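In this note's numbering, the protein residues as written are 1 to 150. Right, one structure below, let's go through it.
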């Protein structure tokens with residue numbers, strides 16, 4: 001059996017809210033399991049017994065885990081999730097849904113920082129073609145600050 005790789009996103013109390021947010025945006029998103037904190041391990045975390053510990057969910061068939069791990073775990077642009085969009089309408093849809101409440105400084109060159117601090121790249125499927133083409137299209141893409149196709 002080939003091992004499954006599942007990204008685990010750490011949050012500070014809002015893992016369930018984040019999972020619901022992400023699964024509401026993607027047409028094929030679903031929460032598959034929710035686990036709760038118990039007395040076991042209470043000395044290692046600050047979450048109340050019975051509060052959400054972990055939420056398993058899928059987006060377009062890709063499994064994810066959202067974990068309430070505490071304030072010590074921060075998201076950064078070092079890890080992002082790339083959404084390859086078929087057309088401008090799809091680019092606009094994901095850009096608009098993900099950016100609400102996010103850091104405006106992280107909204108450029110197709111990058112979106114959502115309200116939970118998770119980074120996304122909303123790009124046209126032709127991205128590699130645009131960049132490798134050079135010339136006007138490549139230069140235009142490399143310098144743009146909006147989410148429109150180059």
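The C-beta atom is built at its ideal place from N, Cα and C for all residues, glycine as well. Small disclaimer: the values here were computed from a predicted structure and weren't measured.
Under 8 Å Cβ to Cβ from residue i, same chain only, skipping five residues before and after it: list those, please.
i, result
"residue 34", "16, 52, 54, 55, 56"
"residue 74", "117"
"residue 29", "22, 23, 57, 58, 59, 60"
"residue 42", "49"
"residue 103", "113, 117"
"residue 106", "77, 112, 113, 119"
Can you name, in chain order, every residue of its own chain whose Cβ lies under 6 Å from the Cβ of residue i, other than the five neighbours on each side?
i, result
"residue 13", "68"
"residue 99", "107, 112"
"residue 93", "none"
Looking only at its own chain, which residues have a Cβ that is under 7 Å from the Cβ of residue i, when we skip the five neighbours before and after it?
i, result
"residue 36", "50, 51, 52, 53"
"residue 10", "67, 69, 73"
"residue 101", "115"
Evaluate residue i with the Cβ neighbour count: other Cβ atoms within 10 Å of its Cβ, from every protein chain shown; 16 or more gives buried, anything less gives exposed.
i, result
"residue 158", "Any answer about residue 158 is impossible in this case: the structure gives the chain only from 1 up to 150."
"residue 119", "buried"
"residue 59", "buried"
"residue 91", "buried"
"residue 38", "exposed"
"residue 114", "buried"
"residue 8", "exposed"
"residue 71", "exposed"
Just to confirm, is the Cβ distance from residue i to residue j under 8 Å?
i, j, result
"residue 6", "residue 63", "yes"
"residue 121", "residue 111", "yes"
"residue 25", "residue 97", "yes"
"residue 78", "residue 18", "no"
Rounded to whole angstroms, what's the CA-CA distance from residue i to residue j? Just pull it up for me.
i, j, result
"residue 4", "residue 61", "12 Å"
"residue 46", "residue 129", "48 Å"
"residue 88", "residue 20", "25 Å"
"residue 85", "residue 44", "42 Å"
"residue 80", "residue 40", "33 Å"
Taking the DSSP output, what are the residues bridged to residue i?
i, result
"residue 67", "10, 54"
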